[in-house]
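Heads up: the structure comes next, in C-alpha cells.
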Amino acid sequence: MNLRTVLLAVILLSTVVLPDQNAVILPAFHNSRASNACSITAAPEPIVIPKLLSYQGRLTDSLGHPVPDGTYQLTFRLYTQETGGNPFWSETRNLEVQGGIFSTLLGLVTPLNEVPDDGNLYLSVQVGTCAELTPRLRIVSAAYAFTANRADTANYALSTSLEIPKTWVRGEPDSVLSTVNFLGLTRGRADNMLHGNERCTHVNFGVACTTGAPDRDYTYCGVAAGFGNRAVGNGAFVGGGYSNDAIADYATVAGGDTNTASGTYAVVGGGSGNTASSSRATVAGGRANTASGTNATVAGGKYNIARGYCAAVAGGIDNVASDNCTAIGGGSGNLAAASGATVAGGRGNTASGRGATIAGGELNLASGPGAAVAGGENDTAAGDHSFAAGYHSVVPAGFSNSAAFNGQTATASGQLRCGILSQTGGAITIDHPLDPCGKILNHYSIGGPEMRNIYEGSVILDSSGKAEVRLPDYFSALNRNPHIQLTGVGSYEVYVIEDITDNRFVIAGRPGTKVYWLVTGERQDISAELIRQLMPVEQHKTGSLTGRVLNDEFLAGCREQLKREGKTQKTDFCTAGDAQRCEQLKRQQLRPE
Numbered sequence: 019m020n021l022r023t024v025l026l027a028v029i030l031l032s033t034v035v036l037p038d039q040n041a042v043i044l045p046a047f048h049n050s051r052a053s054n055a056c057s058i059t060a061a062p063e064p065i066v067i068p069k070l071l072s073y074q075g076r077l078t079d080s081l082g083h084p085v086p087d088g089t090y091q092l093t094f095r096l097y098t099q100e101t102g103g104n105p106f107w108s109e110t111r112n113l114e115v116q117g118g119i120f121s122t123l124l125g126l127v128t129p130l131n132e133v134p135d136d137g138n139l140y141l142s143v144q145v146g147t148c149a150e151l152t153p154r155l156r157i158v159s160a161a162y163a164f165t166a167n168r169a170d171t172a173n174y175a176l177s178t179s180l181e182i183p184k185t186w187v188r189g190e191p192d193s194v195l196s197t198v199n200f201l202g203l204t205r206g207r208a209d210n211m212l213h214g215n216e217r218c219t220h221v222n223f224g225v226a227c228t229t230g231a232p233d234r235d236y237t238y239c240g241v242a243a244g245f246g247n248r249a250v251g252n253g254a255f256v257g258g259g260y261s262n263d264a265i266a267d268y269a270t271v272a273g274g275d276t277n278t279a280s281g282t283y284a285v286v287g288g289g290s291g292n293t294a295s296s297s298r299a300t301v302a303g304g305r306a307n308t309a310s311g312t313n314a315t316v317a318g319g320k321y322n323i324a325r326g327y328c329a330a331v332a333g334g335i336d337n338v339a340s341d342n343c344t345a346i347g348g349g350s351g352n353l354a355a356a357s358g359a360t361v362a363g364g365r366g367n368t369a370s371g372r373g374a375t376i377a378g379g380e381l382n383l384a385s386g387p388g389a390a391v392a393g394g395e396n397d398t399a400a401g402d403h404s405f406a407a408g409y410h411s412v413v414p415a416g417f418s419n420s421a422a423f424n425g426q427t428a429t430a431s432g433q434l435r436c437g438i439l440s441q442t443g444g445a446i447t448i449d450h451p452l453d454p455c456g457k458i459l460n461h462y463s464i465g466g467p468e469m470r471n472i473y474e475g476s477v478i479l480d481s482s483g484k485a486e487v488r489l490p491d492y493f494s495a496l497n498r499n500p501h502i503q504l505t506g507v508g509s510y511e512v513y514v515i516e517d518i519t520d521n522r523f524v525i526a527g528r529p530g531t532k533v534y535w536l537v538t539g540e541r542q543d544i545s546a547e548l549i550r551q552l553m554p555v556e557q558h559k560t561g562s563l564t565g566r567v568l569n570d571e572f573l574a575g576c577r578e579q580l581k582r583e584g585k586t587q588k589t590d591f592c593t594a595g596d597a598q599r600c601e602q603l604k605r606q607q608l609r610p611e
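In our numbering, the protein residues as written are 19 to 611.
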C-alpha cells in the first residue's frame with residue numbers, strides 16, 4: 019500500500035534525566051513556615067521523572083484518507099541534522115492505529131539517555147518496509163529537559179519567606195554548595211576556604227561574599243581554584259595552587275604553594291613558601307623569600323629578605339636588604355644594612371654605610387657614608403666617601419674633614435699602581451717627626467719636562483787625588499744623557515777626569531778632599547717612551563677640555579675649604595663659566611635629601 023504519513027500533532031509531555039540516577043523534584047509548600055529564620059522545611063516523598071518522550075501522529079493514504087484500523091510496524095529514528103547523516107537513536111514498535119491516529123512513548127524499547135546540547139534534534143518515521151518519510155520533524159522546547167542531568171546532585175533548600183543573612187547551605191561531599199542568597203558556588207571537596215573550615219567552601223563571584231562565619235562580613239574576596247587555599251579579608255584573592263593564604267584586606271596570592279600574603283594590598287605572584295607580610299609588599303616568586311617592609315619587593319631567588327621600607331632584592335640567595343631604600347641586585351649572602359645602601363651582586367658583601375655601594379666581588383665592606391667598593395676581594399672602604407678596589411685594599415675610617423685629609427682627598431693603603439698619573443700637584447704626606455700626634459709634614463714633588471732618575475753619594479779622594487764611583491749595573495740600560503754634579507768639602511778643586519763608561523766614572527782633586535756627587539739620567543725604558551708619545555710636554559686642548567681652565571676645576575673643588583680657613587686671597591676664577599660651575603657644585607652639596 020502506498021502510504022503517506024501526515025504528522026499532524028506532536029505532543030511532548032515528559033522529560034528524561036541521567037541514565038544512572040533519577041532526579042527528584044522537591045515541591046515547595048507555601049503554607050509551611052519555619053520556627054526561626056535559619057531553619058529549613060522538610061521535603062515530601064520525591065516524584066520520579068520517567069525517561070520517555072511522548073509522541074502522537076496520524077497516518078493517511080495518498081488521498082488524505084485515514085488508513086484502515088489495525089496494527090502497523092513503525093520505526094522511529096532521531097537525527098542531529100535535517101537531512102542525511104546517521105541516527106543516534108532508533109526504535110521499532112508495532113502500534114495500534116484507529117481512525118489513522120496512533121500514539122506511543124519513545125524510549126520504552128531502546129533507552130533514550132541523552133539529547134544533543136546544541137538544539138539540533140530531528141525525528142523521522144518509517145512505516146513497515148516503506149522508505150523513511152520526509153521531511154523530518156524538528157523537536158524543540160520541552161524535550162530539552164533532558165539536560166537536567168547537569169543538576170542531578172542538587173538538594174534544594176526550602177527556606178522561609180523571611181530574609182536569612184549570613185547563611186550558607188551545603189550537601190554531602192562532592193555536592194553543590196551555595197549561600198542562601200546565591201552569592202557563589204563550586205564543586206565540593208575543593209578544600210578552598212573563605213574563612214571557613216575545609217570543604218565548607220565556595221568560589222564567589224567577587225560581590226559581597228560571605229565567608230562561612232556569621233561574625234565576619236568580608237566582601238569582594240575570592241578563591242578561584244586549587245586546593246587548601248584561604249582568602250580572609252575584604253577583597254582578598256587566591257588564584258590557584260595549594261595551601262596559599264591571602265589573609266589581609268586586598269591581599270593576593272596568584273598561585274604556587276604555601277605562600278602567604280598577610281599585609282594589606284600585599285602580593286605573592288607564585289613560587290613556594292614565600293611571604294609578603296607588610297602593606298603593599300611584593301614577592302614575585304622563588305622560594306622561601308620574605309618581603310616584610312612596607313612597599314618592599316623580592317623579585318625571586320631563594321631565602322632572600324627585603325625588610326626595610328621600599329627595600330628590594332632582585333634575586334640570588336640568602337641576601338638581606340634590611341634598611342630603608344636599600345637594594346641588592348643578586349648574588350649570595352649579601353647585606354645592605356644602612357639607608358640607601360646598595361650591593362649590586364657578588365658574594366658575602368656588606369654595604370653598612372649610609373648610601374654606600376658595592377659593585378660586586380666577594381667579602382667586601384663599604385662601611386663609610388657614601389663609600390664605594392668597585393669589586394675585588396676583601397676590600398674595605400671605611401672612610402667617608404672613600405673608594406676601594408682590588409685585593410685586600412683598605413681605606414681606613416676617621417680621615418674625613420680633618421686638617422690633613424678632607425673632602426678633596428682619596429686615601430688608599432698598600433701599593434697603588436697605575437700607568438700614567440696626571441695631577442695638578444704632588445706631595446708626600448707623613449707624620450711630623452717632631453710632633454707626630456699634632457702635625458703632619460708635606461713634601462712636594464719636583465717637576466720637569468723630562469723623566470729623570472737621580473743617583474747620589476760621597477767619596478774621599480785618595481793620596482793621588484782620585485776616586486772611582488761605581489753606579490748600579492742597570493744604569494746604562496735605564497738612562498741616557500747622564501749628568502754629573504760634584505761638590506767638594508773645603509775645596510772647590512774637584513772635577514771629573516773620566517766620564518761615565520761601563521756604569522762608572524772617576525773624579526779628581528786635592529788629595530783627602532771629601533766630595534759629594536749627584537748623577538741624573540733621562541729614562542729610556544719602553545714605558546717612558548710610550549708616555550712621551552701619549553703625553554708630550556705641550557698639548558692642545560680638545561673635546562670637553564676646550565674653553566675650560568684646569569686651575570679653576572681644582573679651585574671649584576676646594577673653594578669652600580679655603581673660605582672656612584680664611585685663605586681665599588689670590589683664588590679668583592680665571593673664567594666666568596668655571597665660577598658658575600663652582601656655584602652649581604655648591605648647591606648640589608647643600609641639597610637636602
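Don't be surprised by glycine CBs; every beta carbon is placed ideally from N, CA and C.
What did DSSP end up calling residue i once you bin it into helix, strand or coil?
{"i": "K532", "result": "strand"}
{"i": "K320", "result": "strand"}
{"i": "R372", "result": "coil"}
{"i": "K581", "result": "helix"}
{"i": "Q503", "result": "strand"}
{"i": "Q551", "result": "helix"}
{"i": "S494", "result": "helix"}
{"i": "L657", "result": "Coverage of the chain is limited to positions 19 through 611, which leaves residue 657 absent and any answer about it impossible."}
{"i": "L568", "result": "helix"}
{"i": "S350", "result": "strand"}
{"i": "I544", "result": "helix"}
{"i": "D336", "result": "coil"}
{"i": "I265", "result": "coil"}
{"i": "T128", "result": "coil"}
{"i": "K457", "result": "coil"}
{"i": "L92", "result": "strand"}
{"i": "E556", "result": "coil"}
{"i": "L479", "result": "coil"}
Please go through the same chain and pick out, in chain order, the residues whose beta-carbon is closer than 6 Å to the beta-carbon of residue i, but skip the five residues on each side of it.
{"i": "I382", "result": "Correcting the residue type first, residue 382 is Asn in the shown sequence and not Ile. The answer, listed in chain order, is N367, I376, V391 and D397."}
{"i": "A243", "result": "G258"}
{"i": "D275", "result": "G259, Y260, S261 and S290"}
{"i": "G444", "result": "S463"}
{"i": "T98", "result": "P134 and N138"}
{"i": "E380", "result": "G364, R365, G366 and E395"}
{"i": "K585", "result": "none"}
Which one of the options has the shortest CA to CA distance from residue i?
{"i": "C436", "options": "G246, G565, L141 and I549", "result": "I549"}
{"i": "K532", "options": "T447, L479 and L459", "result": "L479"}
{"i": "I458", "options": "V241, G465, I448 and K581", "result": "I448"}
{"i": "I472", "options": "I502, L452, E486 and P451", "result": "I502"}
{"i": "G476", "options": "K484, R248 and S494", "result": "Sequence check: residue 476 is Ser here, not Gly. Closest option to S476, Cα to Cα, is K484."}
{"i": "N337", "options": "Y321, C328, G326 and Y327", "result": "Y321"}
{"i": "R154", "options": "R111, G137, T101 and L124", "result": "T101"}
{"i": "T538", "options": "N460, A269, V512 and S494", "result": "S494"}
{"i": "P467", "options": "A546, V507 and R325", "result": "A546"}
{"i": "Q551", "options": "I438, G251 and I323", "result": "I438"}
{"i": "P129", "options": "F94, Y492 and P454", "result": "F94"}
{"i": "L139", "options": "L96, G125 and E114", "result": "L96"}
{"i": "N112", "options": "Q91, P490 and A406", "result": "Q91"}
{"i": "D520", "options": "Y492, W535 and E556", "result": "Y492"}
Our contact map puts residue i next to residue j with C-beta atoms below 8 Å; I'd like the distance itself, whole angstroms only.
{"i": "N309", "j": "A294", "result": "According to the sequence as given, residue 309 is Ala; it is not Asn. Correct: roughly 5 Å between the Cβ atoms."}
{"i": "A299", "j": "A284", "result": "5 Å"}
{"i": "S411", "j": "G394", "result": "7 Å"}
{"i": "G378", "j": "A399", "result": "About 14 Å separates the two Cβ atoms, so there is no contact after all."}
{"i": "L81", "j": "L123", "result": "Going by Cβ atoms, the distance from L81 to L123 rounds to 30 Å, so no, they are not a contact pair."}
{"i": "T315", "j": "A330", "result": "5 Å"}
{"i": "G349", "j": "G363", "result": "4 Å"}
Once you ignore the five residues that flank residue i on each side, which residues in its own chain have a CB closer than 8 Å to its CB?
{"i": "G318", "result": "G289, A302, G303, G304, N307, A332 and G333"}
{"i": "V524", "result": "K484, A485, E486, V487, V514, I515 and E516"}
{"i": "L496", "result": "N471, G539, R541, Q542 and D543"}
{"i": "S509", "result": "G527, R528 and T531"}
Given residue i, which residues of its chain have a CB within under 7 Å of its CB, disregarding the five upstream and five downstream residues?
{"i": "A249", "result": "L212, C239, G240, V241, F255, V256 and A264"}
Evaluate contact between the region 540-552 and the region 512-531, counting only Cβ atoms and requiring at least three cross-stretch pairs below 8 Å. no
Taking three-plus beta-carbon pairs below 8 Å as touching, is the region 330-342 in contact with the region 353-373? Touching, yes, given that three or more Cβ pairs across the two stretches are closer than 8 Å.
Can we say the region 128-136 touches the region 101-119, given the rule of at least three CB pairs closer than 8 Å? yes
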